[in-house]
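The structure appears right after this line, and notes come after that.
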Amino acid sequence: MSTRRRAVLAGLGATTALGLFRPRFALAQEKTMTETTLILRNGKITTLDPQTPDATAIAIIDGKVAAVGTDADVMRLHGDDVEKVIDLRGRRVIPGLNDSHTHVIRGGLNYNMELRWENVPSVSDALAMLRKQAANTPAPQWVRVVGGWSEFQFAERRMPTLEEINDAAPDTPVFVLHLYAAALLNRAALKALGFTKDTPNPPGGEIARDEKGNPTGMLIARPSALILYSTLAQGPKLAIEDQKNSTRHFMRELNRLGVTSVIDAGGGGQNYPQDYDVIQSLHDAGEMTLRVAYNLFAQTAGQELSDYERWIGMTEPGAGDDWLRMNGAGENLAWSAADFENFLEPRPEPAPVMEEELERIVELLATNEWPFRIHATYDETIDRFLNVFERVNGNTPFKTRFIIDHAETISTRNIERIKALGGGIATQHRMAFQGEYFVDRYGAQAADATPPIREMLNTGLPVGAGTDATRVASYDPWVSMHWLTTGKTVGGMTLYGDDRLLNREEALALWTTGSAWFSGEQSVKGRLSVGMYGDLAVLSDDLMAVPDAKLRGITSVMTVVGGRIVFAEGDFTEHNPPLPPASPDWAANALFASPAERQASLAPASLDMRACHDGCTNGCGLHGHSHGIAWTNPIPVRDASAFWGALGCACFAV
Numbered sequence: 089m090s091t092r093r094r095a096v097l098a099g100l101g102a103t104t105a106l107g108l109f110r111p112r113f114a115l116a117q118e119k120t121m122t123e124t125t126l127i128l129r130n131g132k133i134t135t136l137d138p139q140t141p142d143a144t145a146i147a148i149i150d151g152k153v154a155a156v157g158t159d160a161d162v163m164r165l166h167g168d169d170v171e172k173v174i175d176l177r178g179r180r181v182i183p184g185l186n187d188s189h190t191h192v193i194r195g196g197l198n199y200n201m202e203l204r205w206e207n208v209p210s211v212s213d214a215l216a217m218l219r220k221q222a223a224n225t226p227a228p229q230w231v232r233v234v235g236g237w238s239e240f241q242f243a244e245r246r247m248p249t250l251e252e253i254n255d256a257a258p259d260t261p262v263f264v265l266h267l268y269a270a271a272l273l274n275r276a277a278l279k280a281l282g283f284t285k286d287t288p289n290p291p292g293g294e295i296a297r298d299e300k301g302n303p304t305g306m307l308i309a310r311p312s313a314l315i316l317y318s319t320l321a322q323g324p325k326l327a328i329e330d331q332k333n334s335t336r337h338f339m340r341e342l343n344r345l346g347v348t349s350v351i352d353a354g355g356g357g358q359n360y361p362q363d364y365d366v367i368q369s370l371h372d373a374g375e376m377t378l379r380v381a382y383n384l385f386a387q388t389a390g391q392e393l394s395d396y397e398r399w400i401g402m403t404e405p406g407a408g409d410d411w412l413r414m415n416g417a418g419e420n421l422a423w424s425a426a427d428f429e430n431f432l433e434p435r436p437e438p439a440p441v442m443e444e445e446l447e448r449i450v451e452l453l454a455t456n457e458w459p460f461r462i463h464a465t466y467d468e469t470i471d472r473f474l475n476v477f478e479r480v481n482g483n484t485p486f487k488t489r490f491i492i493d494h495a496e497t498i499s500t501r502n503i504e505r506i507k508a509l510g511g512g513i514a515t516q517h518r519m520a521f522q523g524e525y526f527v528d529r530y531g532a533q534a535a536d537a538t539p540p541i542r543e544m545l546n547t548g549l550p551v552g553a554g555t556d557a558t559r560v561a562s563y564d565p566w567v568s569m570h571w572l573t574t575g576k577t578v579g580g581m582t583l584y585g586d587d588r589l590l591n592r593e594e595a596l597a598l599w600t601t602g603s604a605w606f607s608g609e610q611s612v613k614g615r616l617s618v619g620m621y622g623d624l625a626v627l628s629d630d631l632m633a634v635p636d637a638k639l640r641g642i643t644s645v646m647t648v649v650g651g652r653i654v655f656a657e658g659d660f661t662e663h664n665p666p667l668p669p670a671s672p673d674w675a676a677n678a679l680f681a682s683p684a685e686r687q688a689s690l691a692p693a694s695l696d697m698r699a700c701h702d703g704c705t706n707g708c709g710l711h712g713h714s715h716g717i718a719w720t721n722p723i724p725v726r727d728a729s730a731f732w733g734a735l736g737c738a739c740f741a742v
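Take the sequence shown: its letters are residues 89 to 742, numbered as in my numbering.
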């Protein structure tokens, strides 16, 4: 680093520390700074900095914001050796989006081989994609359809039937995940897995069977999603070099959506440290385009405490750097504490041993000052968790943050208890995919405050936004933005009254300044102000002006992380960094446009489009076949005849 640049950085730090901001213009080192890495001008910049809320230009030096304000003020930094000055052509710029709860490390290892149905308008289109991918996938690989889609997005308002899946892919194993509620397997997958009449139900789930006891191909997550995790994990993996390529393509996909940071909440089958080798190797090679803070997820029931004792000896919170760092424990601390968010089933009750197991783990984490997070969908579960946390805090006061993840049905009382303990809540758009099921089981009145985000914010509690992708929901932040500001599911059902909705700046703040708290980075991330990370997205459409119907279609046309352009298209294509083609050559994203490249399904299909597929003529005498109920009502989960007829009966495989 040059002497001049060191002086500039020293000046930047001093200016930031003193808070020397001008109204409508912030500058790190006036006049003397001439080595600016990147200047963006002629834009509409939403900074989320109350000192300088709006600007037209921004300068980034050595990865951090050096100036933000008017074109004239920022261009005064333009020296002879400036690297880039880019005309934004009037586009809206926002701080880079930060997903406070996702599963990007595991998702990256599998992204290239997953066929994704986000923004696919009909069952017919989805099956056509499945047919093409199956023909392109070599043995012994599977076709995997996971996460991010809902039957309510389809014109037919139903799931594909097992007969249709078998017809589309007669020879290639297929695994279709439906939320964390069920999976559909074709006959080739049943054969590959060795599922027969004599196969017992695995722990945590049920194999649906015909009248002769033969597996039909439907796996039901009852009482937990373990059957779905364990079955999906049996599919062949990609080679290591392809896993690296896959992770790079997944990061590029998130960059395309304006995401610059994520917090990885671990996940089933994501073992530390071996399953972190790929992301670490990309970091070491300088190939990260996304900042990742990761949590460590206990993998095996009965061994959770020993896992954390071992990991405490191996690493610590904050280990790593600005691009890849360890963030703490969770989201799974103890398997006995799980309350999976399957609204097709009754609320699960964590085992009586939960408190004892959880207390030992939380005591260990509090003693070693590890932040932790825990999955909790239902208020009843959260209440029991907080009893444990309050007891531990009374003996070993929490010195760092803890996080409740999801909290769809949390009560006012428990929001206040979390705040008193110094915790926060990470919320996700899971109700956008499961709202119809929730309303049918619990009623519209209960759904109106699920989750009660406005109430959380009114208490001053730290609240972050995210997706819980990649399996239970889409990784697309604009689905979340649409849900937060309109209250609608992807199928068009209105869940919330106007008093529950956020405005667009509030929703953006949850995705930026709000999420930064959950990795302890609120002092450097989430706003476009002097001294903060130079992470931003230039949007395809103006977030602050576009009609509600087009919110879900927004993408980024240029994404910057630490002053480095990591994605660009359209008017800015010349700045797009190269990316190797997807590998292997049969990868789903080598054959199909990614969800972010597809035009979003902006509204549910109209009634005149909702015609049954030809395969629907094969009705089932046991379960019935009535699609109309799915078109006009929430799904009737308590009526087996109407439910299976609407969603696709397991008997259709016979």
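Cβ atoms here follow ideal geometry from the backbone N, Cα and C, with glycine treated the same way.
Count the other CB atoms, across all protein chains shown, that sit within 10 Å of the CB of P361; report buried if there are 16 or more and exposed otherwise. exposed
What is the C-beta distance between V612 and S628, in whole angstroms, given that I count them as a contact (C-beta under 8 Å)? About 27 Å separates the two Cβ atoms, so there is no contact after all.
Rounded C-alpha distance that separates L197 from A417: 21 Å
Where T488 and A216 are concerned, what is the direct C-alpha to C-alpha distance, given to the nearest angstrom? 50 Å
C-alpha gap between I723 and A269, whole angstroms: With a pLDDT of 45 at I723, under the threshold of 50, the modelled position of this residue cannot be trusted; read the value that follows with caution. Going from the Cα of I723 to the Cα of A269 covers about 14 Å.
With DSSP as the reference, identify every bridge partner of M646, one or two as the case may be. V626 and A656
Is the beta carbon of R340 sitting closer than 8 Å to the one on L126? no
Contact the segment 326-339 vs the segment 203-210: 3+ CB pairs below 8 Å: no
Pop quiz: A44 and G292 are said to be a contact at Cβ under 8 Å. What is the actual Cβ separation, rounded to whole angstroms? Given a span of 89 to 742 for the chain in the structure shown, any question on residue 44 remains unanswerable.
For R179, is the classification buried or exposed, using 16 other Cβ atoms within 10 angstroms of its Cβ as the cut-off for buried? buried
Using the rule of at least 16 other Cβ atoms within 10 Å of the residue's Cβ for burial, across every protein chain shown, is E504 buried or exposed? exposed
Could you name the residues of the same chain whose beta carbon sits closer than 6 Å to that of V208, not counting the 5 residues immediately before and after it, in chain order? A214
Whose C-beta lies closer than 6 Å to the C-beta of F490 among residues of the same chain, with five residues either side of it excluded? F460 and G511
Classify M519 as buried or exposed, calling it buried when 16 or more other Cβ atoms lie within 10 Å of its own Cβ. buried
Is DSSP giving Q516 helix, strand or coil here? strand
Do G554 and S318 have their C-beta atoms closer together than 8 Å? no
Selection from R640, P665, D630 and A637 that minimises the alpha carbon distance to T647: P665
Buried or exposed for R398, going by 16 or more other Cβ atoms inside 10 Å? exposed
Between which residues of its own chain and L509 is the CB-CB distance below 8 Å, once the five residues before and five after are set aside? L474, F477, E478, N481, F486 and F490
First and last residue of the beta strand (DSSP E) that includes A482? For clarity, residue 482 is Gly in the given sequence; the question names Ala instead. Unbroken run through G482 is the alpha helix (DSSP H), D467 to N483; no beta strand (DSSP E).
For K152, which option in A681, V649 and P669 has the closest C-alpha, if you only look at C-alpha atoms? V649
Would you kindly work out how many angstroms separate the C-alpha atoms of A276 and H337, rounded to a whole number? 29 Å
Could you give the residue range of the beta strand (DSSP E) that holds V181? R180 to P183
V181 to I146 span [Cα, whole Å]: 10 Å
Among F680, E404 and R542, nearest to G585 - alpha-carbon criterion: R542
Under the three-state DSSP convention, the category R246 falls into: coil
Chain-order list of residues whose beta-carbon lies under 6 Å from that of S682 (same chain, five-residue window excluded): E341
For the segment 381-391 against the segment 411-425, do three or more pairs of beta-carbon atoms, one drawn from each stretch, fall closer than 8 Å, so that the two count as touching? yes
Output yes or no for whether 8 Å exceeds the beta carbon distance between L616 and V156. yes
Do you know whose CA, among I462, I642 and H663, lies nearest G651's CA? H663
Considering only DSSP beta bridges, list what F490 is partnered with. F460
Helix, strand or coil for A222 per DSSP? helix
Relative to the alpha-carbon of T547, which residue among A313, D395, N502 and L596 has its alpha-carbon at the smallest distance? N502
Near L572, what residues of its chain come up, given a Cβ to Cβ distance below 6 Å and the 5 sequence neighbours on each side ignored? L590 and A595
Quick one: is N289 buried, meaning 16 or more other Cβ sit within 10 Å of its Cβ, or exposed? exposed
Local conformation of V560 per DSSP, three classes: coil
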